[in-house]
Amino acid sequence: MHVKRRQTGKWYIYNFVKDHNHELLPEQAHFFRSHRNVDSIKNDLRIRKRKILAAGSKQFSAYQNVDFLEGYIRNQHDKGQILSLESGDSQMLLEFCMYMQDKNPKFFYAMDFNEEHRLRNVFWVSSKGVDDYNYFSDVVSVDTTYVTAKYKIPLVIIMGVNNHIQPTLLGCGLIADETLYTFVWLLQTWLISMGGRAPRVILTDQNSALKQAVAAVLPESRHCFALWNVLEKIPSKLEYVIRWQDNFVIKFDKCIYKSLTEEQFESRWSKLLDRFTLREDEWVQSLYEDRRQWVPTFMRDISFAGLSAPSRAESLNTWFDNYIDAYSSLREFIERYKLIVEDMHEEEAKANFDGWHETPDLKTPSPFEKQTLLVYTHEIFKKFQIEVLGAAACHLKKENDYGTIATYSVKDFADNQVFMVTWDQTKLDIGCSCRSFEYKGYVCRHAIVVLQMSGVFSIPFKYILQRWTNVAVSRHAMSDRLDEVQAKIRRFNDLCRRAIILGEEGSLSEQSYNVALIAIEDALKQFKNTSSLDCDSRPHSALRQAFSGNEEVNDGSVAAAVHEVPGTSLTSSSKSQKRSDAGNKKFESYESMMGKVQPVQGLVNAGSQVGYAFMDNAHATSLIPNAPLVAQHNMAPVRLQSLPAHIQNTMPAQYHSSIPPYVEDKHIQDLKR
Numbered sequence: 000m001h002v003k004r005r006q007t008g009k010w011y012i013y014n015f016v017k018d019h020n021h022e023l024l025p026e027q028a029h030f031f032r033s034h035r036n037v038d039s040i041k042n043d044l045r046i047r048k049r050k051i052l053a054a055g056s057k058q059f060s061a062y063q064n065v066d067f068l069e070g071y072i073r074n075q076h077d078k079g080q081i082l083s084l085e086s087g088d089s090q091m092l093l094e095f096c097m098y099m100q101d102k103n104p105k106f107f108y109a110m111d112f113n114e115e116h117r118l119r120n121v122f123w124v125s126s127k128g129v130d131d132y133n134y135f136s137d138v139v140s141v142d143t144t145y146v147t148a149k150y151k152i153p154l155v156i157i158m159g160v161n162n163h164i165q166p167t168l169l170g171c172g173l174i175a176d177e178t179l180y181t182f183v184w185l186l187q188t189w190l191i192s193m194g195g196r197a198p199r200v201i202l203t204d205q206n207s208a209l210k211q212a213v214a215a216v217l218p219e220s221r222h223c224f225a226l227w228n229v230l231e232k233i234p235s236k237l238e239y240v241i242r243w244q245d246n247f248v249i250k251f252d253k254c255i256y257k258s259l260t261e262e263q264f265e266s267r268w269s270k271l272l273d274r275f276t277l278r279e280d281e282w283v284q285s286l287y288e289d290r291r292q293w294v295p296t297f298m299r300d301i302s303f304a305g306l307s308a309p310s311r312a313e314s315l316n317t318w319f320d321n322y323i324d325a326y327s328s329l330r331e332f333i334e335r336y337k338l339i340v341e342d343m344h345e346e347e348a349k350a351n352f353d354g355w356h357e358t359p360d361l362k363t364p365s366p367f368e369k370q371t372l373l374v375y376t377h378e379i380f381k382k383f384q385i386e387v388l389g390a391a392a393c394h395l396k397k398e399n400d401y402g403t404i405a406t407y408s409v410k411d412f413a414d415n416q417v418f419m420v421t422w423d424q425t426k427l428d429i430g431c432s433c434r435s436f437e438y439k440g441y442v443c444r445h446a447i448v449v450l451q452m453s454g455v456f457s458i459p460f461k462y463i464l465q466r467w468t469n470v471a472v473s474r475h476a477m478s479d480r481l482d483e484v485q486a487k488i489r490r491f492n493d494l495c496r497r498a499i500i501l502g503e504e505g506s507l508s509e510q511s512y513n514v515a516l517i518a519i520e521d522a523l524k525q526f527k528n529t530s531s532l533d534c535d536s537r538p539h540s541a542l543r544q545a546f547s548g549n550e551e552v553n554d555g556s557v558a559a560a561v562h563e564v565p566g567t568s569l570t571s572s573s574k575s576q577k578r579s580d581a582g583n584k585k586f587e588s589y590e591s592m593m594g595k596v597q598p599v600q601g602l603v604n605a606g607s608q609v610g611y612a613f614m615d616n617a618h619a620t621s622l623i624p625n626a627p628l629v630a631q632h633n634m635a636p637v638r639l640q641s642l643p644a645h646i647q648n649t650m651p652a653q654y655h656s657s658i659p660p661y662v663e664d665k666h667i668q669d670l671k672r
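Numbered as in numbering that gives the first Met the number 0, the sequence shown ends at 672 without a single skipped number.
Right, dumping it as structure tokens:
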């Protein structure tokens, strides 16, 4: 908005750009410089992170959408856990997941039990993680460092990267072991929580079981090993070489980082093995077999968005190191989980605020720098500035010219290397042998020099990835989506409260039950006849089949006909035969609305604010002492699509979620949000 002053002394608006207009943001007011005068204790990041759990952050309303956990930890005991947890941790973990889901229905969690119905694996992801994945699903890291390092809590972190090169938490898991089954369960559960959309790239450590699980569950994703995970093993695996050969690391780094082509890498690797007599080393042989999954030469067409770095200290995976150590208990981690999420949101909110209200300093008069000044986020712009400055140290020479396509050799004096750049002036296509754009997501200094010499003074639009811009997540879209989600949540919560009252009053007598049942059936009939409900908003057939259709009862278990997994069961219970019969009647009414699907005898709606819960009473009792608490969780069979037979025949897993994983239609998806 631009204003001018008239001769009369009054001001008037002479230019207004609506696209830049937005609602007032009181929750971000503390980011203004005039509001940043907080006391030293709140400014001390170390103190705030490790000693002040939530008191110092409550004042910041930027946390208004984060679930608070004050007063949550309870002193209840559970002696039947299978994970390496302390007494009471299983119960606490279950209540934690219920608490988080009660605060936000989009919170997703799953629990896996062994054959004795004892807790084995756990996974959860916040609603923020699900939303972040919708925008930044290109690269995902599965970090098992805390498991392999034998931390007190076997924590697995699933992370992504936002447009500010900041970590986004896409899920947390607690696993009992590092077997193939466990990793298949974890990845399949995570994939379900993210709507079944696989990432383009997934980063893990060099674990054989995890490697097989990724190939089975995420066959379309490019599986790579984190570079830091491979390099940090060298001192221990090749200690006998490093101790006596001082120049081994130098030669190894040259082979890994300086090889521009596969042929060059193969030649240098062969010389490396011969010089240091490593051809018989099994670990070195495994590195070569997996070379396409960790050597940069073979991955220059992949953008890791900062998740793959030479050392773990330089990677984004160290975020959790500020909050937990090898001796942290699960109780301590749950207490700090809220702070972890809040700090992530605070850093992102501040970066978003700075991106819209502050402008980085220009270091050159380059038109490329000016072009991207207000486009890239500050973090990416600073990295791109380095490329603009580095262009001064490059000298190019035209090698050949085929019509509109020209090839240049660019001498980079900073790296003392020569790179080949191809430029198509008609299609505005430019490519460099350094593969910087493919690897980092922005053009390199070598391409900048060629563009300048070709008379092009702006980067082609196709080479400015929206992923790294300030509009990667539209502020207007975020505001509209938030309003829509909040409205749906309000409507849903209001209906849930009324339904609870209806259930309490309707269960007092047979007469009141019939009145309530008739009212519910009438309402469902009106839904069917209302033109506002489209036919495609009905629950998907997979959902109907998952609960009732084409299922057979055999010795108290229900085997799902859809995507059946051997050994997986869906069981039921009732507090009394009368309650069970009443539940069956309600379930039959629901099925008649869904399309006259045959009911499953013995199933009851055990109660969940969002979804349907079916659980065996004996199973619940054997899990933890508080059986009624456990009986509120949805049980559904794992859907392992396109998995090898030996994986499908692994031990059974049972999923817990407020929304069944089979939901695909728009109406039920809206309920999830």
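Positions of the beta carbon are idealized from the N, C-alpha and C atoms, including for glycine. Because the structure is a prediction, the values reported are computed rather than measured.
Between which two residues does the alpha helix (DSSP H) harbouring residue 385 extend?
Indexing the sequence shown from 1 puts residue 385 at position 386. Here the alpha helix (DSSP H) through residue 385 covers 377-389.
Hey, quick one: how far does the alpha helix (DSSP H) through residue 168 stretch, first residue to last?
The count along the sequence shown starts at 1 and reaches residue 168 at position 169. Here residue 168 belongs to no alpha helix (DSSP H); instead the beta strand (DSSP E) covers 166-173.
Looking at C-alpha atoms only, which residue of 325, 404, 109, 317 is the closest neighbour of residue 191?
Locating residue 191 in the sequence shown gives position 192, where the first residue counts as 1. Looking at the Cα atoms, 109 is the closest of the given residues.
Residue closest to residue 202, alpha-carbon to alpha-carbon, out of 252, 400, 435, 298:
Residue numbering aside, residue 202 sits at position 203 when the sequence shown is read from its first letter. Comparing Cα-Cα distances from residue 202 to each of 252, 400, 435, 298, the minimum goes to 298.
Below 6 Å CB to CB, which residues in the same chain sit around residue 533 once its five sequence neighbours on both sides are set aside?
Locating residue 533 in the sequence shown gives position 534, where the first residue counts as 1. Low confidence applies here, because residue 533 scores a pLDDT of 44, under 50, leaving its location unreliable; read the following figure in that light. None.
Contacting residues, own chain, Cβ-Cβ under 6 Å from residue 444 (five flanking each side not counted)
Start at 1 with the first residue of the sequence shown, and residue 444 comes out as number 445. Here the set comprises 386, 389, 390, 393.
Is residue 188 buried or exposed, if buried means 16 or more other CB atoms sit within 10 Å of its CB?
Taking the sequence shown and counting its residues from 1, the one referred to as residue 188 is at position 189. Buried, since its Cβ has 16 or more Cβ neighbours within 10 Å.
Assuming the contact rule is C-beta atoms closer than 8 Å, residue 135 and residue 170 should be a hit. Round their C-beta distance to whole Å, please.
In the sequence shown, the residue the question calls residue 135 occupies position 136. In the sequence shown, the residue the question calls residue 170 occupies position 171. About 14 Å separates the two Cβ atoms, so there is no contact after all.
Would you mind reading off the limits of the beta strand (DSSP E) that contains residue 157?
As a first step, residue 157 is located in the sequence shown; it is residue number 158 there, counting from the start. Looking at the DSSP string, the run of the beta strand (DSSP E) that includes residue 157 is 154-160.
Identify whether residue 227 lies in helix, strand or coil by the three-state DSSP scheme.
In the sequence shown, counting from the first residue as 1, residue 227 sits at position 228. Reduced to three states, the DSSP call for residue 227 is helix.
The alpha helix (DSSP H) enclosing residue 511, as first and last residue numbers:
Within the sequence shown, the letter at position 512 stands for residue 511. First-last of the alpha helix (DSSP H) with residue 511: 509-528.
On the three-state DSSP scale, how would you describe residue 244?
Against the sequence shown, residue 244 aligns to sequence position 245. Coil, per DSSP.
Determine the closest residue to residue 205 out of 173, 167, 288, with distance taken between C-alpha atoms.
As a position in the sequence shown, residue 205 is number 206, starting the count at 1. It is 288 whose Cα lies nearest to the Cα of residue 205.
For residue 502: DSSP bridge partner residues:
In the sequence shown, counting from the first residue as 1, residue 502 sits at position 503. In the DSSP output, where bridge partners are listed per residue, residue 502 has none listed.
Going by the CB atoms, is the gap between residue 146 and residue 186 shorter than 8 Å?
Numbered from its first residue, the sequence shown carries residue 186 at position 187. Numbered from its first residue, the sequence shown carries residue 146 at position 147. No, Cβ-Cβ distance for residue 186 and residue 146 is not below 8 Å.
So is residue 133 buried or exposed if we call it buried at 16+ other beta carbons inside 10 Å?
The residue labelled residue 133 in the question sits at position 134 within the sequence shown. Answer is exposed; the Cβ neighbour count stays below 16.
4-residue-minimum alpha helix (DSSP H) runs that sit fully inside the region 250-295, ordered along the chain
261-274, 281-288
Rounded to the nearest angstrom, what separates residue 94 and residue 333 at their Cα positions?
On the sequence shown, residue 94 is found 95 positions in, with the first residue counted as 1. On the sequence shown, residue 333 is found 334 positions in, with the first residue counted as 1. Cα-Cα distance, rounded: 11 Å.
Identify whether residue 98 lies in helix, strand or coil by the three-state DSSP scheme.
Residue mapping note: residue 98 aligns to position 99 of the sequence shown, counting from 1. Three-state DSSP puts residue 98 in a helix.
Looking only at C-alpha atoms, which of 512, 141, 199 sits nearest to residue 182?
For the purposes of this step, residue 182 is taken as the residue at position 183 of the sequence shown. Measuring from the Cα of residue 182, the nearest candidate turns out to be 141.
Taking all protein chains shown into account, decide if residue 344 is buried (16 or more other Cβ within 10 angstroms of its Cβ) or exposed.
Here residue 344 corresponds to residue number 345 of the sequence shown, with the count starting at 1. Under this definition residue 344 is a buried residue.
DSSP on residue 356, reduced to helix/strand/coil?
Counted from its first residue, the sequence shown places residue 356 at position 357. Helix, per DSSP.
Would you list the residues sitting across from residue 429 in a DSSP beta bridge?
Counting from 1 along the sequence shown, the entry for residue 429 is found at position 430. Per DSSP, 422.
So if DSSP puts residue 4 in a beta bridge, which residue, or which two residues, is it bridged to?
The sequence position of residue 4 within the sequence shown is 5, counting from 1. Paired residues: 10.
How is the beta strand (DSSP E) around residue 202 delimited, first residue to last?
Taking the first residue of the sequence shown as 1, we reach residue 202 at position 203. Segment 200-203, the beta strand (DSSP E) holding residue 202.
Tell me which same chain residues have a C-beta within less than 6 Å of the C-beta of residue 323, skipping the five on either side of it?
For the purposes of this step, residue 323 is identified with residue 324 of the sequence shown, where counting begins at 1. Contacts found: 332.
Cβ neighbours of residue 406 in the same chain (closer than 6 Å, five flanking residues each side left out)
Taking the first residue of the sequence shown as 1, we reach residue 406 at position 407. The residues are 398, 399, 421.
Suppose contacts are defined by Cβ-Cβ distances below 8 Å. Is residue 196 in contact with residue 138 by that definition?
Walking along the sequence shown from the start, residue 196 turns up at place 197. Walking along the sequence shown from the start, residue 138 turns up at place 139. No, Cβ-Cβ distance for residue 196 and residue 138 is not below 8 Å.
For residue 359, I'd like the list of residues in its chain whose CB is within less than 6 Å of its CB, leaving aside the five on either flank, ordered along the chain.
Looking up residue 359 in the sequence shown gives position 360. Excluding sequence neighbours, residue 359 sits near 377, 380.
Check whether the Cβ atoms of residue 122 and residue 172 sit closer than 8 Å, and answer yes or no.
Within the sequence shown, the letter at position 123 stands for residue 122. Within the sequence shown, the letter at position 173 stands for residue 172. Yes, they are a contact pair.
Using DSSP bridges, identify the partner residues of residue 118.
One-based indexing of the sequence shown puts residue 118 at position 119. Its beta-bridge partners are 112.
Per-residue burial, residue 441 [other beta carbons within 10 Å of its own, 16 or more giving buried]:
For the purposes of this step, residue 441 is taken as residue 442 along the sequence shown, with counting starting at 1. Under this definition residue 441 is a buried residue.
What's the gap between the Cα of residue 266 and the Cα of residue 432?
In the sequence shown, counting from the first residue as 1, residue 266 sits at position 267. In the sequence shown, counting from the first residue as 1, residue 432 sits at position 433. Cα-Cα distance, rounded: 18 Å.
Please identify the residue among 412, 501, 107, 349 whose C-alpha is closest to the C-alpha of residue 165.
Residue mapping note: residue 165 aligns to position 166 of the sequence shown, counting from 1. Answer by Cα proximity: 349.
Among 463, 415, 346, 452, which one has its Cα closest to the Cα of residue 371?
Along the sequence shown, one-based indexing puts residue 371 at 372. When only C-alpha atoms are compared, the closest one is 463.
With contact counted as at least three CB pairs below 8 Å, one residue from each stretch, are the region 407-421 and the region 443-461 in contact?
yes
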